[in-house]
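Trainee: This is the structure, below, for whatever I ask next.
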């Protein structure tokens, strides 16, 4: 299993900002929070978001910092990570009201 130190984590946070650890059984991945450009790229590359698995794959590759490559390359690990990738793309909730 991939391991990292507090020092590595500090360096990654300085470089990438908010980070998340994804664990799928015995494998780990460190990913950063996606930005607008990442989401746009993933949407464009996944038939405008119609292919959810392709969207998740592109998002994982775009936001990957370090970890066990099996999460990207092995279908069983990747499919286990998909629900967490969707949570990465969550945003703040906005409200609109007519004036």
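In the numbering used here, the protein residues as written are 202 to 300. Even glycine gets a Cβ: it sits at the ideal position worked out from N, Cα and C. Treat the numbers as computed from the prediction; the structure is a model and nothing was measured.
What residue from 268, 276 and 236 has the CA that sits closest to residue 223's CA?
Mentor: Here the closest residue by C-alpha is 268.
Trainee: Please state whether the Cβ-Cβ distance between residue 257 and residue 286 is less than 8 Å.
Mentor: yes
Trainee: Go through its chain and collect everything with a Cβ distance to residue 247's Cβ below 7 Å, but skip five positions before and after it.
Mentor: 255, 256 and 259
Trainee: Between the C-alpha atoms of residue 284 and residue 230, what's the straight-line distance to the nearest angstrom?
Mentor: 14 Å
Trainee: Among 202, 270, 296 and 232, whose alpha-carbon lies nearest the alpha-carbon of residue 290?
Mentor: For residue 290, the closest of 202, 270, 296 and 232 by C-alpha to C-alpha distance is 232.
Trainee: On the DSSP letters alone, give me the boundaries of the beta strand (DSSP E) that residue 224 sits inside.
Mentor: Counting along the chain, the beta strand (DSSP E) containing residue 224 begins and ends at 220-225.
Trainee: Would you call the CB atoms of residue 272 and residue 234 closer than 8 Å?
Mentor: no
Trainee: Reducing DSSP to helix, strand and coil, say where residue 268 ends up.
Mentor: strand
Trainee: What number of angstroms, rounded off, separates the C-alpha of residue 299 from the C-alpha of residue 266?
Mentor: Straight through space, the alpha carbons of residue 266 and residue 299 are spaced by roughly 42 Å.
Trainee: Is it buried or exposed for residue 261, if we count other Cβ within 10 angstroms and need 16 for buried?
Mentor: buried
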